Amino acid sequence: MAAERRVAVIGGGIAGLAAAHALLTDPAASADGPVPHVTVYEAADRLGGKLLTTPFAGHPGIDEGPDAFLARLPWGTALARSVGLGDQLVSPAAGKAAVWWEGLHDIPQGLLLGMPTDVMALARSKLLTWPGKLRAATEPLRPRTSLDADSLGAFVRARFGKEVHLRLVDPLVGSIYAADTDHFSLAAVPQIADLAGKGRSILIAGRRMPKPAANAGPLFYAPRDGMGALVDATLQAVLTAGGDVRTNNAVTELVPAGDGWRVDGERYDGVVLACPAAAAARLLTVVQPQVASTLAAIPTADVAMVTLAIAAADWPAHMQSLSGYLVPKPMQRLVTAASFGSQKWSHWEASGAMVMRVSLGRDGLPVLHLSDEQLLTAAIDEVGHHLGLTLAPLHARVSRWAGAFPQYRPHHATTVAGAEQLLPAGLALAGASYHGIGVPACIRSAQQAAAAMRAHLHPVAD
Ligand SMILES: Cc1cc2nc3c(=O)[nH]c(=O)nc-3n(C[C@H](O)[C@H](O)[C@H](O)COP(=O)(O)OP(=O)(O)OC[C@H]3O[C@@H](n4cnc5c(N)ncnc54)[C@H](O)[C@@H]3O)c2cc1C
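Just so it is clear: in the sequence shown, position 291 is 1624 by this note's numbering, and no numbers are missing.
So this is what it looks like as structure tokens:
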């Protein structure tokens, strides 16, 4: 009988758990060959990485990291369903989001991540000045913009001018990835890159785009017990399928061992590196120094998330239709966005209080040198100033996320493809550092790494 194949997964965030889950349970696996033995190594004392749901203000679970995943991309929803959370997925109440530019302005209709596809909706908005709107309206007359520089900010400015860039696209995309869009890859934002690739003019391409169907379904999903439920259910599925999961186990050594690998002294046939690029780089220094230095150069942005519970009686009625707001770069001190969680999520309703989450910091705006007290004061003062309120939170919490968001610099995809090509057989990369930062993209990268691992373990005979 053939010896059992063994795979190590380094990192127990959602990517590592999804990779282990795919290796152990994907129906395609049994067609490829016997299911391998899988060991997940996690440095921290808990699994989930950036996914963390903890009690707050008397509520059993308010997320400290992501609070939802995109429903449009299939991988998050599919994993949630396959680990038994299908009937527990909830979606946010429809609410308006705003941009703060010397006051709150509703985000105009007809935008695609801030890119206008409808000039009339833009014309009605007071967020842009008339010269800014006129500049945007001339977009169809402008010559083709080369995509070669792969800078999102430069592309948007060339097409629509600086107001659309600074007041719409930069805050919208910037708040998703904690990015400064001047230093962020256009290709890494597929919806905008697709539109940009369709022809000379974004407005003309946008007009031709099929309108979303009325029954298109929700934009986001979250398990009603928070994103931690996705971690718990995936972990349970991995354990049930025979996975070995080791917390408090930071891997420090990865070296070749015959036709396999040794991970901290134990032999494996394959290894999925599902830890952030900086950690993968440290482990690859001996194995493949060139890949190690490429991965080490992928920068990250730190963020802090301040969660506040505001007495419902102190929360003005005119704010109750708002899901939150974004702060454009020129208006930022430390706060980049605020999300009025209780108004988005029915499962966040805390009795008598409005729970909001305030994001501080981004690429180029460091915040983690500040104390929790300073971060809390900044959140309370800045949000109070934006909303014209004196905020006196009943409860407050500061979550610090070092290395929260990898920053995809221009040509990131080419850089990663080059590194992956040099990676020796039997090693695969997964997670937010490579092919997408959101939870569904991390799950997809994990499933692709698992498929590559299966192909390595069970090569098809010629
Ligand atoms: C505040 C915040 C809000 C976000 N909001 C959203 C959102 O709303 N929607 C969305 O889709 N995405 C969101 N994201 C992004 C998303 O959460 C992350 O990109 C994703 O969870 C990353 O998953 P991962 O498994 O790749 O990495 P991680 O979660 O970072 O997991 C990697 C794991 O590897 C471990 N590790 C590191 N080194 C070693 C080692 N040597 N040995 C063993 N283990 C090691 C780490 O301890 C960690 O647990 C948010 C992120 C943050 C920080």
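Note that the Cβ used here is the ideal one computed from N, Cα and C, for glycine as well.
All values reported here derive from a predicted model rather than from experimental measurement.
In its chain, beyond the 5 residues on either side, Phe1389 and Thr1640 have a beta carbon closer than 6 Å to the beta carbon of Arg1730. When C-alpha distances from Ser1534 are compared across Asp1577, Thr1514, Ala1427 and Pro1449, the shortest belongs to Pro1449.
Short note on Pro1464: C-beta not closer than 7 Å to any heavy atom of ligand 1.
Pro1441 has its alpha-carbon roughly 25 Å from the corresponding atom of Val1688. Inside the stretch 1392-1452, DSSP marks whole beta strand (DSSP E) runs of 3 or more residues at positions 1392-1396, 1429-1433 and 1437-1439, from first to last along the chain.
Setting aside the 5 residues that flank it on each side, Leu1536 is surrounded in the same chain by Pro1449, Thr1450, Val1452, Glu1472 and Pro1473, each with a C-beta closer than 7 Å to its C-beta; the list follows chain order.
By the criterion of a C-beta distance shorter than 7 Å, Ala1529 is surrounded in its chain by Leu1480, Phe1488, Leu1519 and Ile1535, once the five residues flanking it on both sides are discounted. The beta carbon of Ala1614 sits closer than 6 Å to those of Ala1625, Leu1628 and Ala1629, all from its chain and outside the five residues before and after it, given in chain order. For the pair Gln1621 and Pro1476, the CB atoms are not nearer than the 8 Å cut-off. When DSSP states are grouped into helix, strand and coil, Glu1715 belongs to the helix group.
With 16 or more neighbouring CB atoms inside 10 Å of its own CB, Pro1425 falls in the buried class. Of the other Cβ atoms in all chains shown, 16 or more fall within 10 Å of the Cβ of His1745; this residue is therefore buried. By the neighbour-count criterion, in which 16 or more other beta carbons inside 10 Å mark a residue as buried, Gln1569 falls on the exposed side. In the structure shown, Trp1681 adopts helical secondary structure according to DSSP, grouped into three states. For His1719, the closest alpha carbon among the candidates Asp1359, Gly1436, Gln1524 and Gln1676 is that of Gly1436.
With 16 or more other Cβ atoms from the protein chains shown falling within 10 Å of its own Cβ, Thr1358 counts as buried. Gln1780 counts as buried, since at least 16 other C-beta atoms from the protein chains shown sit within 10 angstroms of its C-beta. Under the DSSP assignment, Val1584 falls outside any beta strand (DSSP E); it carries neither an H nor an E label.
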